[in-house]
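Here the structure is laid out as structure tokens; the discussion comes afterwards.
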Amino acid sequence: MRAALRFLAGAVAGLLIVLLLGAAPAQAAGYRYWSFWRWSDGGWVYQQQGPAVHVPADGEVEGWRFAVSPDGGRQAARPGPAGDFAALCAGTPAEAGRKRVAVVLDFGGPADAPAHETPPEPRTACAVVPTRAGSAEVLATVAPPLRYDGSGLLCAIAGYPRTGCGEQLGGAARPTGTAIPSAGTGPADATGSTAAGASPGAAGPVLGVGAGLALVLAVAAGARWQSRRRR
């Protein structure tokens, strides 16, 4: 009887290990959306504030990139062009009482584009706006028309894309040639911040482990009952 119980205990332990190894995290969902960046120290940095909140300073460079990216802003694709303010605003004279903000727009590649749409070529602009203007106003000055959804999420810049808004593509991989990433335009934040948190579908493996543990407990209880009957 003791040998049988030891065998049963080993089988239960093996089952538990298999269940735990099989509980791999679900693949992160992909979303198609505009991400928001700022140029700092020679590179693009994830923008922590959305365009409706952030107020850029005179001489700042803001970047936008449309791409299929995982859920979570820091994993989104950065704009391709560099953000050299001196070059981007060289032909735009300063005005008293106003500020200049350079803008880089990267519409992504064919792998990022919705069906039946062709991404425009990247473009740059130099906005001259009131000193208190926020990033949303800067963008509206240089890249109309903008399109927002009912919750305030930025869906399109310069009319691109024509339809859709932060749609989930489910487990989509990062398009070839993209870098790592603003919190200005993700699929879940009405202010434009990229969504963060657990990936959709992550509860699946947890349920599997729970069911496995329930099975292990049931087998162990049955073995204990059998052992008492035989005494």
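Count the sequence shown with our numbering and you get residues 798 to 1028, in order. We put the CB at the ideal spot given by N, CA and C, even for glycine.
- Counting C-beta pairs with one atom in each stretch, the region 911 to 926 and the region 944 to 960 have three or more that are closer than 8 Å, which means they touch.
- Every beta strand (DSSP E) stretch that sits fully inside the region 898 to 981 and reaches 3 residues is listed by chain position as 920 to 927, 951 to 953.
- Val935 sits close to Val898, with the two beta carbons spaced by under 8 Å.
- According to the DSSP assignment, Ala864 belongs to the beta strand (DSSP E) that extends over 858 to 867.
- One thing to note: Ala924 has its Cβ within 8 Å of the Cβ of Thr938.
- Taking Gly877 as reference, the option from Arg929, Arg835, Ala930, Val852 with the minimal CA-CA separation is Arg835.
- For the pair Arg829 and Pro916, the Cα-to-Cα distance works out to about 13 Å.
- Taking C-beta separations shorter than 8 Å and ignoring five residues to either side along the sequence, the partners of Pro919 in its chain run Pro876, Gly877, Pro878, Val901, Leu902, Asp903, Phe904, following chain order.
- A residue is called buried when at least 16 other Cβ atoms come within 10 angstroms of its Cβ; Leu966 does not meet this threshold and is exposed.
- Taking the Cα positions, Lys896 is about 12 Å away from Phe882.
- Around the C-beta of Gly856, fewer than 16 other C-beta atoms lie within 10 Å, and the residue is accordingly described as exposed.
- Bounds of the beta strand (DSSP E) holding Gly827 are 827 to 837.
- Close CB contacts of Arg929 within its chain, under the 7 Å cut and outside five residues either way in sequence, are with Val852 (chain order).
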